[in-house]
Amino acid sequence: MAVLKIRKFGDLILKEKCIQIANIDYELEELVKNMAKTMYEAPGIGLAASQVGVLKQLFICDIGDGLQVYVNPKILAIEGEDTDEEGCLSVPGINVPVKRAKKIKVVALNMNKKKVAFVADNLLLARAIQHEIDHLHGIIILDRTDSENRRRALSELNENAKRN
Ligand code: NI
Numbered sequence: 005m006a007v008l009k010i011r012k013f014g015d016l017i018l019k020e021k022c023i024q025i026a027n028i029d030y031e032l033e034e035l036v037k038n039m040a041k042t043m044y045e046a047p048g049i050g051l052a053a054s055q056v057g058v059l060k061q062l063f064i065c066d067i068g069d070g071l072q073v074y075v076n077p078k079i080l081a082i083e084g085e086d087t088d089e090e091g092c093l094s095v096p097g098i099n100v101p102v103k104r105a106k107k108i109k110v111v112a113l114n115m116n117k118k119k120v121a122f123v124a125d126n127l128l129l130a131r132a133i134q135h136e137i138d139h140l141h142g143i144i145i146l147d148r149t150d151s152e153n154r155r156r157a158l159s160e161l162n163e164n165a166k167r168n
């Protein structure tokens, strides 16, 4: 297992759309293992394949109750609204308020090639899934927050870059 390089804000790959996965094979299993190691070491609660430079519709998350793997995920329905601070491993040190649905119905394949559809009504899980699916469409938290918070975050990122 290897810790992969997490792509950071400014890397254009984060704006790319990911493609559907046709084969759940050994190579994908290895990618998932490496992504899990990378996420836990960061540490974070979610990681999309595009964040490690792989433009495939895959993400993992663990909100504290074990690793979940989503292949070709899709949101089928949404309900309610909830605004909360959100961070991202690709935008280190930054938290911005992001409005999300409270509850979502999601469908995805698991690593056993089984289609799984369920309602995520845990606020944190629903938020994490929406955040990661955004990554698969080239969208990050700075695209989802209001202009004032985006400005503040961008200047913070600038300051951090100068310091490093
Ligand atoms: Ni993220």
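Numbering (this note's numbering) for the sequence shown: 5 to 168.
Even for Gly, the Cβ is constructed at its ideal location relative to N, Cα and C.
Buried or exposed for residue i, please, with buried defined as at least 16 other CB atoms from any protein chain shown within 10 angstroms of its CB.
i           : result
residue 56  : buried
residue 42  : buried
residue 24  : exposed
residue 30  : exposed
residue 86  : exposed
residue 128 : exposed
residue 69  : exposed
residue 16  : exposed
Going by DSSP, name the residue or residues bridged to residue i.
i           : result
residue 72  : 65
residue 154 : Answer is none; residue 154 lacks a bridge partner.
residue 109 : 81 and 123
residue 51  : 64
With a threshold of 6 angstroms on Cβ separation, who are the neighbours of residue i within its own chain once the five nearest residues in sequence on each side are excluded?
i           : result
residue 33  : none
residue 22  : 54, 59, 60, 61 and 140
residue 109 : 80, 81 and 123
residue 78  : 111
residue 118 : none
Quick one: what's got a C-beta closer than 8 angstroms to residue i's C-beta in the same chain, skipping five residues either side?
i           : result
residue 95  : 12, 13, 144, 145, 146, 157 and 161
residue 101 : 87, 88, 89, 90, 149, 150 and 153
residue 83  : 105, 106, 107 and 108
residue 20  : 54, 59 and 142
residue 103 : 85, 86, 87 and 148
residue 99  : 89, 90 and 91
Using C-beta distances below 7 angstroms, list every residue in its chain close to residue i, excluding the 5 sequence neighbours before and after it, in chain order.
i          : result
residue 73 : 36, 64, 114 and 115
residue 8  : 38, 39, 42 and 56
residue 28 : 75, 113, 115 and 117
Using a threshold of 7 angstroms, is the CB atom of residue i nearer than that to any non-hydrogen atom of ligand 3?
i          : result
residue 42 : No copy of ligand 3 appears in this structure; the ligands present are ligand 1.
* Asked: Taking any heavy atom of ligand 1 as the mark, which residues have a C-beta closer than 6 angstroms to it, listed down the chain?
  -> Ordered along the chain, the selected set is 92, 93, 94, 135 and 139.
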